[in-house]
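First the structure, in the form of structure tokens, and then the observations on it.
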Amino acid sequence: MNTTKTSQLSKQVLQGEPVKLTFHYNTNEINRFLNSLFIKVLSHDDMLYLQGPIEQIIREMIVNAVKANLKRIFFKKNNLDIIDPEHYEQGMSSFKTYLTETINNLPDELKESGYKIEFVLKKEPDGFKVIIRNTAGLLPFEQERINKRIDKSREYNDLADLYVDIADDQEGEGLGIPLTMLFLKNSGIGDKSFNIVSDGKITQSSFVIPFKTQPFAIKRGLEIKIVNSVNDLPTFPEHITEIQELCEKKDASINEISKKISIDPSLAASVLKLSNSAGFITSKKIETIAEAIKIIGLNNLKSILTASSAKKIMDEHLANFQNVWNHCNKVAFYAKQLSQQFKLNKISDMVFLASMLHDLGKIVLLSVNEDMAEQIDKITNRQMRTSTALEEAYVGISHSTIGKMIAEKWNFQDYIKETIAYHHSPLLASEKNLDIVFITYLANALCLIEERKFNYFYLEEDVIKRYGLETEEKFNELHESIKTKFINRE
């Protein structure tokens, strides 16, 4: 499975020829292959914004199909008649334990038993139809229970409703169908086309990605609070703007700029602190504003002014989420190291600043609903790339979109706006800012991998190919090198 093959298959789909893929288990390679295929198909019709939700929907569908096959294997191994109600209840009481304890052997068991999963993608008049089939038919009572779950899930508008109602986790699927329905509804794809049917031998789940989506408008208090939180943020301070303009004047003196900064004690302290941070390594400690300007340069000073002012405004008007800033600082350090490693020193300062600000939207999201933020964080154990898809499922808007709203309000430069908006979907970046967005995406991925929220196999192929990181070995070597520099930065 490679990039060339997915390019050929995407053309096949767009020409009206169905694409089929058969496999036994949902491996990282399968997930990455399907993701690559959808990126190419969706990009052609300017629908790439749906890539994230679709990836999660398909992953949930495949996981459920694999579990259905495994259930049959489990019952057979334990000499249980799945049709017998008593045997069924006895088997399901220990099925989840079987999945957990034998996880490493499951692919081999599926292959040896002949159970398969078939993925189908085909173009229809109204959109692209996605079909997932598994070679285990549903029993009548299973079909009935699934239909009830689907009908109930259509009532959910957010995760809060879902948590209150979902109690039946007997088969380990729990949130699978409800999450799928939320992703479909809130992404604008719509949940009406989704169904699961069986002829007793084959079970098929499917949905249609329409060519024209109709976003599901969630008019709840939480969404209103998010929009208001952004609108209520003040504009960038006038004296910050004046200092930034001074930095661009050829005849401006260092003393003049230093005096302007010194007027604001908090700003002066932030400038000194950030100029001594990991992003600007120097041979000696910087102790005065004038000295900081001489050592770090006016371009870096503008970056510090922007980052420190943004942090001050966010902390004053919203809850102070130091863990988010810690993450941003680390991503910024990693991003600058990456830009230098890739011999892109000309953009290293821009990369550092954009990375420092990439998660501004997350602060707003976490501030308006801290309890849900914790629930979102817990669910990311479902092998999701990040919490972004769950944020969209819950509030109908991701932290990337919220961040872009803030960047536009503060009139940030285009490269910062794009980085904030696309640090989870780098293929949407413009050619002009491609490296800045790509490097921030990679730096963020490195940090998330360390937090066990990401995986090398989830990386966009175009990104890793651009920097010669096609093998996991090369990627890990680079990661270790940068991680060591971060640890030894002081």
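Residue numbers for the sequence shown follow the numbering used here, so the first one is -13 and each next one is one higher.
Idealized CB from N, CA, C, for every residue including glycine.
This one's a predicted model, so the numbers in the text were calculated from it and none came from an experiment.
- With a cut-off of 8 Å on Cβ pairs, the segment 286 to 295 is in contact with the segment 335 to 343, counting three or more such pairs.
- DSSP places Arg438 outside both helix and strand once states are collapsed to three, so it counts as coil.
- Your pair Ile69 and Leu125 checks out as a contact, with CB atoms roughly 7 Å apart and the cut at 8 Å.
- Excluding five sequence positions before and after Tyr442, the CB atoms of its chain that fall closer than 6 Å to its own CB belong to Glu458, Phe461, given in chain order.
- The shortest C-alpha to C-alpha distance from Ser334 to any of Ala318, Ile349, Tyr444 is the one to Ala318.
- Taking 8 Å as the upper bound for CB-CB distance, Lys102 and His10 are in contact here, some 6 Å apart.
- Taking a C-beta distance under 9 Å as the contact criterion, Ser294 and Ser325 do not qualify as a contact pair.
- Listed in chain order, the alpha helix (DSSP H) elements of length 4 or more contained wholly in the segment 212 to 274 are 224 to 234, 240 to 248, 251 to 261.
- When the beta-carbon positions are compared, Pro196 and Gly100 stay at least 9 Å from each other.
- Taking a contact to require three or more Cβ pairs closer than 8 Å, the segment 445 to 459 and the segment 299 to 318 do not qualify as touching.
- Contact between Leu445 and Ala431 holds, with the beta-carbon distance rounding to 6 Å and staying under 8 Å.
- By the Cβ neighbour-count rule, Glu41 is buried, with 16 or more other Cβ atoms within 10 Å of its own.
- For the options Pro93, Thr387, Val106, Pro220, the alpha carbon positioned closest to that of Val194 is the one of Val106.
- Burial check for Gly174: the Cβ neighbour count within 10 Å reaches 16 or more, so the residue is buried.
- Among the bridge pairs identified by DSSP, Gln190 is matched with Arg119, Val183.
- With a 10 Å radius around the Cβ and a threshold of 16 neighbouring Cβ atoms, Thr83 comes out exposed.
- No residue range can be given for Lys178, since it is assigned to no beta strand (DSSP E) and is classified by DSSP as neither H nor E.
- In this structure, the straight-line span from the alpha carbon of Leu420 to that of Glu231 is close to 26 Å.
- Under the three-state reduction of DSSP, Gly283 is assigned to helix.
- Ile89 and Glu75 have their C-alpha atoms roughly 22 Å apart.
- The beta-bridge partner set that DSSP reports for Pro196 consists of Gly113.
- Following the DSSP letters along the chain, one finds Phe443 in no beta strand (DSSP E), marked with neither H nor E.
- Annotation for Thr387: the continuous alpha helix (DSSP H) segment containing it runs 385 to 395.
- By the C-beta density criterion, Asp67 is exposed, having fewer than 16 other C-beta atoms within 10 angstroms.
- Glu95 carries a helical assignment under DSSP once its states are collapsed to helix, strand and coil.
- Looking at the backbone, the Cα of Gln399 and that of Asp94 are separated by about 52 Å.
- Non-local beta-carbon contacts of Gly186 in its own chain, meaning distances under 7 Å to residues more than five positions away in sequence, involve Gly123 in chain order.
- Sorting Lys329, Lys108, Phe61, Arg119 by C-alpha distance to the C-alpha of Ala51 places Arg119 at the top.
- Distance from the Cα of Asn397 is smallest, within the candidate group Asn91, Phe222, Leu170, Leu434, for Phe222.
- Taking all protein chains shown into account, Asp137 has fewer than 16 neighbouring C-beta atoms within 10 Å of its C-beta and is therefore exposed.
- For Lys6, the secondary structure class from DSSP, reduced to helix, strand or coil, is strand.
- Ile272 and Leu343 have their C-alpha atoms spaced approximately 23 Å apart.
- The segment 383 to 390 makes contact with the segment 403 to 415: 3 or more CB pairs, one atom from each, lie closer than 8 Å.
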